[in-house]
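See below for the structure under consideration.
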Ligand code: SF4
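Protein chains in written order, with the numbering used here: chain A, 1 to 258; chain B, 1001 to 1157.
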């Protein structure tokens, strides 16, 4: 470890600024307080006290709706990627980074069609982490599976290992990235349950917010370890499954109606 | 005659060498004197007495601070602290006359100018944005600065 003059954070100062912000907000408009408070990041490390997850009720997910996919693209700056001039549109569709995919399941026998969004399933035992030779793929204490792009060498073993094809590789130099979502050529990436929102203490994910705003409410986000959280209550109330439950990965994303 | 003719270029060479040496020394002095000017006029940093640590410390060690912070952020979810890269960019970004931010890694801007001077390649901006874009996470998704003001102005060294 290197030495430098002042490593400690002055918590007194911090508290004072927090208080000052709160007081200003209270004077300005009571409705603003929550937003300012929630935009202030929590300085403490994440712990295993929470495990974040999603419950997707496929009965509520509509055919043709892409609101969650679009919201994810906007939240993470994926809508800022563009097709390299040399690439065919078909190849680009295959290759561009996608964190949420709309999937349609058709039962051959009954003809029943099910729509669902498919993203990183945030496994308790993630195969991507098992195979990663560098330690770039890892699971945070709160159960979110992330790629540390500083360490990723772009070998793409994790993409092969993922049973859900949830990961993308960035093939081209990136530009116009968002401050909260650094992305660049040569690294693998996938859904991180809006990790920046988690660290800022916000309540939900972009996809769940968009689905609710569209009036469908098919996606519930929350803490799987908190028995009183909406997601835990919903999981208790309705039958749900893990995709590829035969692999015993204990996924953090659950599906109802499949 | 031949000897005199020979000696003129020889003296000339020595003279040129001395002149060259003097010029190099002066140029180095001038460049060392220029170093503080990598802070862009009009950036928030230009109005502050010191960075999050003393200027001399930051010149030598900023990369260690950022690297330590990056691990804390990616692995432990600790954000918006004193040494966050978003904070560096927020404070050091300059603006065009019509108010558009100019990326810190653009030619002659804070990061790239000094890194060119030191001949050290900077990789941060392969992935990170060189301007504040999108702001910190908010449910409303508004534009805004990276870290709370209080964290940037602390040290006073
Ligand atoms: S691509 Fe990156 S994250 Fe994936 S296995 Fe290779 S090093 Fe690990």
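Virtual Cβ for every residue (Gly too), placed ideally from N, Cα, C.
Taking the C-alpha atoms as reference points, what is the distance between residue i and residue j?
i	j	result
residue 111 of chain A	residue 257 of chain A	15 angstroms
residue 260 of chain A	residue 71 of chain A	Absent from the model: residue 260 of chain A. The displayed extent of chain A is 1 to 258, so no value can be given.
residue 1063 of chain B	residue 1129 of chain B	17 angstroms
residue 253 of chain A	residue 1119 of chain B	47 angstroms
residue 160 of chain A	residue 130 of chain A	12 angstroms
residue 57 of chain A	residue 120 of chain A	17 angstroms
residue 238 of chain A	residue 244 of chain A	19 angstroms
residue 233 of chain A	residue 101 of chain A	26 angstroms
residue 1125 of chain B	residue 46 of chain A	26 angstroms
residue 91 of chain A	residue 1082 of chain B	43 angstroms
residue 75 of chain A	residue 209 of chain A	11 angstroms
residue 1090 of chain B	residue 1100 of chain B	13 angstroms
residue 80 of chain A	residue 126 of chain A	29 angstroms
residue 221 of chain A	residue 192 of chain A	13 angstroms
residue 216 of chain A	residue 62 of chain A	8 angstroms
residue 230 of chain A	residue 204 of chain A	11 angstroms
residue 1123 of chain B	residue 224 of chain A	38 angstroms
residue 207 of chain A	residue 1054 of chain B	43 angstroms
residue 1110 of chain B	residue 175 of chain A	19 angstroms
residue 40 of chain A	residue 202 of chain A	10 angstroms
residue 167 of chain A	residue 246 of chain A	21 angstroms
residue 138 of chain A	residue 55 of chain A	22 angstroms
residue 68 of chain A	residue 1114 of chain B	43 angstroms
residue 59 of chain A	residue 78 of chain A	27 angstroms
Beta carbon of residue i: closer than 8 angstroms to some heavy atom of the ligand SF4?
i	result
residue 168 of chain A	no
residue 137 of chain A	yes
residue 147 of chain A	yes
residue 154 of chain A	yes
residue 1114 of chain B	no
residue 159 of chain A	yes
residue 151 of chain A	yes
residue 1091 of chain B	no
residue 131 of chain A	yes
residue 1074 of chain B	no
residue 1127 of chain B	no
residue 188 of chain A	yes
residue 128 of chain A	yes
residue 1055 of chain B	no
residue 110 of chain A	no
residue 134 of chain A	yes
Quick check on the burial criterion: 16 or more other C-beta atoms within 10 angstroms. Buried or exposed for residue i?
i	result
residue 153 of chain A	exposed
residue 117 of chain A	buried
residue 27 of chain A	Residue placement at residue 27 of chain A is flagged as unreliable, the pLDDT there being 41, under the threshold of 50; the coordinate-derived value follows with that caveat. Counting Cβ neighbours within 10 Å, residue 27 of chain A comes out exposed, since fewer than 16 surround it.
residue 1134 of chain B	buried
residue 248 of chain A	exposed
residue 218 of chain A	buried
residue 88 of chain A	exposed
residue 251 of chain A	buried
residue 227 of chain A	exposed
residue 109 of chain A	exposed
residue 1105 of chain B	buried
residue 1038 of chain B	buried
residue 183 of chain A	buried
residue 1098 of chain B	exposed
residue 1056 of chain B	exposed
residue 105 of chain A	exposed
residue 1069 of chain B	buried
residue 1132 of chain B	buried
residue 180 of chain A	buried
residue 188 of chain A	buried
residue 1086 of chain B	buried
Specify the secondary structure class of residue i as computed by DSSP and reduced to three states.
i	result
residue 200 of chain A	coil
residue 164 of chain A	coil
residue 223 of chain A	strand
residue 1089 of chain B	helix
residue 1199 of chain B	One cannot answer for residue 1199 of chain B here, as it falls past the ends of chain B, which runs 1001 to 1157.
residue 246 of chain A	helix
residue 229 of chain A	coil
residue 118 of chain A	strand
residue 236 of chain A	helix
residue 1045 of chain B	helix
residue 256 of chain A	strand
Considering only heavy atoms of the ligand PLP, does any lie closer than 8 angstroms to the CB of residue i?
i	result
residue 123 of chain A	You won't find the ligand PLP in this model; what it holds is the ligand SF4.
Could you give the uninterrupted runs of the beta strand (DSSP E) lying entirely in the segment 58–116 of chain A, keeping only those of 3 residues or more? Segments of the beta strand (DSSP E) lying fully in the segment 58–116 of chain A: 101–106.
What are the start and end residues of each continuous alpha helix (DSSP H) run of 4 or more residues lying completely inside the segment 120–198 of chain A, in chain order? Those alpha helix (DSSP H) runs which fall completely within the segment 120–198 of chain A and span 4+ residues are 127–131, 157–161.
Ranges of the alpha helix (DSSP H) found wholly within the segment 1050–1134 of chain B, counting only runs of at least 4: With a minimum length of 4 residues, the continuous alpha helix (DSSP H) runs that stay inside the segment 1050–1134 of chain B are 1055–1076, 1085–1092, 1110–1118.
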